[in-house]
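Q:
Numbering (the numbering used here), first residue to last: 84 to 284.
The following block contains the structure:
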């Protein structure tokens with residue numbers, strides 16, 4: 084196996100290899116998804132429905148959060164991410180980095196801690212996905228222009244098949260969300276609503 088989370092395959096192999104899916108529920112933590120910008124959109128409820136559907140399909144659910152060690156030693160003061168981190172408490176011991184209660188996380192479902200925007204950066208997500216034998220990722224998260232966009236780009240480069248659940252994602256800018264879902268993401272992923280995805284066999 085290569086350093087990538089999945090073996091390199093030809094396009095014909097990719098079409099015939101059975102899907103081994105994992106759902107990534109990303110940044111649904113109190114300090115992000117619990118803000119007024121998202122609690123009023125219904126995205127938490129739709130993400131909860133998506134997670135429930137994944138369980139019914141026997142698809143593993145992996146929770147992804149962004150958090151930093153005490154004192155944030157991972158950050159260079161001049162980094163662009165430092166400016167983002169300054170807007171919220173990302174201490175990994177703080178309640179703000181815990182998964183929002185509305186999502187009803189099961190204790191058996193792993194939490195991956197990342198140190199930047201993409202779900203892969205600074206985390207052991209790739210190792211975990213390799214353990215699951217995953218070749219397909221189902222993505223839900225906030226924000227659309229943050230963790231979802233960054234993770235799609237990196238996962239596509241790693242040759243994962245991708246599905247994005249459009250109404251289980253949200254952004255502070257609704258127009259940015261729309262453009263990404265309608266114009267950008269379809270170039271690398273299948274974009275479906277939670278209901279349409281859940282209805283698939």
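Even glycine gets a Cβ: it sits at the ideal position worked out from N, Cα and C.
Everything numeric in this text was worked out from a predicted model, so none of it was measured.
Between residue 180 and residue 271, how many whole angstroms is the CB-CB distance? I'm expecting something under 8 angstroms.
A: The residue given as residue 180 occupies position 97 in the chain shown. The residue given as residue 271 occupies position 188 in the chain shown. No, residue 180 and residue 271 are not in contact; Cβ-Cβ is about 28 angstroms, not under 8 angstroms.
Q: Checking 8 angstroms against the spacing of the C-beta atoms, do residue 186 and residue 134 come in under that value?
A: Start at 1 with the first residue of the chain shown, and residue 186 comes out as number 103. Start at 1 with the first residue of the chain shown, and residue 134 comes out as number 51. Yes, the Cβ-Cβ distance between residue 186 and residue 134 is below 8 angstroms.
Q: Can you tell me whether residue 229 is buried or exposed, with buried defined as 16 or more other CB within 10 angstroms of its CB?
A: The residue you call residue 229 lines up with position 146 of the chain shown. By the 10 Å Cβ count, residue 229 comes out buried.
Q: If I follow the unbroken beta strand (DSSP E) through residue 220, where does it start and stop?
A: Against the chain shown, residue 220 aligns to sequence position 137. Taken as a continuous stretch (DSSP letters only), the beta strand (DSSP E) holding residue 220 covers 219 to 225.
Q: Could you check where the alpha helix (DSSP H) with residue 211 kicks off and where it finishes?
A: Residue numbering aside, residue 211 sits at position 128 when the chain shown is read from its first letter. 208 to 215 is the span of the alpha helix (DSSP H), which, as asked, contains residue 211.
Q: Could you tell me how far apart the beta carbons of residue 217 and residue 103 are, in whole angstroms, since I believe they sit closer than 8 angstroms?
A: The residue given as residue 217 occupies position 134 in the chain shown. The residue given as residue 103 occupies position 20 in the chain shown. Residue 217 to residue 103, Cβ: 5 angstroms. Contact.
Q: Looking only at its own chain, which residues have a Cβ that is under 8 angstroms from the Cβ of residue 195, when we skip the five neighbours before and after it?
A: Translated into positions along the chain shown, residue 195 becomes position 112. Cβ within range, chain order: 145, 146, 147, 148, 202, 206, 207, 208, 211.
Q: For residue 191, count the other beta carbons within 10 Å of its own beta carbon; 16 or more makes it buried, fewer makes it exposed. Which is it?
A: Walking along the chain shown from the start, residue 191 turns up at place 108. Classification of residue 191: exposed, given that the 10 Å Cβ count is below 16.
Q: Look at the Cβ atom of residue 252, then the Cβ atom of residue 105, and state whether they are nearer than 8 angstroms.
A: Locating residue 252 in the chain shown gives position 169, where the first residue counts as 1. Locating residue 105 in the chain shown gives position 22, where the first residue counts as 1. No.
Q: Using 8 angstroms as the threshold, is the C-beta distance between residue 224 and residue 183 below it?
A: What you label residue 224 is simply residue 141 of the chain shown in a count that begins at 1. What you label residue 183 is simply residue 100 of the chain shown in a count that begins at 1. No, they are not a contact pair.
Q: According to the neighbour-count rule (16 or more other Cβ atoms, all chains shown, within 10 Å of its Cβ), is residue 214 buried or exposed?
A: In the chain shown, the residue the question calls residue 214 occupies position 131. Classification for residue 214: exposed.
Q: Spatial neighbours of residue 166 within its chain, please: CB distance less than 8 angstroms, with the 5 preceding and 5 following residues excluded, ordered by chain position.
A: Position 83 of the chain shown, counting from 1, holds the residue named residue 166. Low confidence applies here, because residue 166 scores a pLDDT of 48, under 50, leaving its location unreliable; read the following figure in that light. Cβ within range, chain order: n/a, list empty.
Q: Bridge partners of residue 127, per DSSP?
A: The count along the chain shown starts at 1 and reaches residue 127 at position 44. For residue 127, which the question treats as bridged, DSSP gives no partner whatsoever.
Q: Can you tell me the Cβ-Cβ gap for residue 239 and residue 232, rounded? I've got them flagged as a contact below 8 angstroms.
A: Locating residue 239 in the chain shown gives position 156, counting from the first residue. Locating residue 232 in the chain shown gives position 149, counting from the first residue. With a Cβ gap of about 11 angstroms, residue 239 and residue 232 do not count as contacting.
Q: Hey, would you say residue 249 sits closer than 8 angstroms to residue 276, going by beta carbons?
A: Within the chain shown, numbered from 1, the residue matching residue 249 stands at position 166. Within the chain shown, numbered from 1, the residue matching residue 276 stands at position 193. The answer is yes: Cβ separation under 8 angstroms.
Q: Which residue's Cα is closest to the Cα of residue 80: 263, 265, 261, 247?
A: Because the chain spans 84 through 284 in this model, residue 80 falls outside it and cannot be assessed.
Q: Would you mind sorting residue 198 into buried or exposed? The rule is 16 or more other CB atoms within 10 Å of its CB.
A: By one-based count along the chain shown, residue 198 stands at place 115. Per the 10 Å Cβ criterion, buried.
Q: What are the boundary residues of the alpha helix (DSSP H) that residue 259 is part of?
A: Along the chain shown, one-based indexing puts residue 259 at 176. That run of the alpha helix (DSSP H) goes 257 to 262.
Q: Can you tell me whether residue 266 is helix, strand or coil according to DSSP?
A: Reading the chain shown from its first residue, position 183 is the one you call residue 266. Here residue 266 sits in helix by DSSP.
Q: Inspect the beta-carbon positions of residue 286 and residue 263 and report whether they are closer than 8 angstroms.
A: No answer is possible for residue 286: it lies beyond the span of the chain, which begins at 84 and ends at 284.
Q: Who are residue 253's beta bridge partners in DSSP?
A: Indexing the chain shown from 1 puts residue 253 at position 170. Paired residues: 225.
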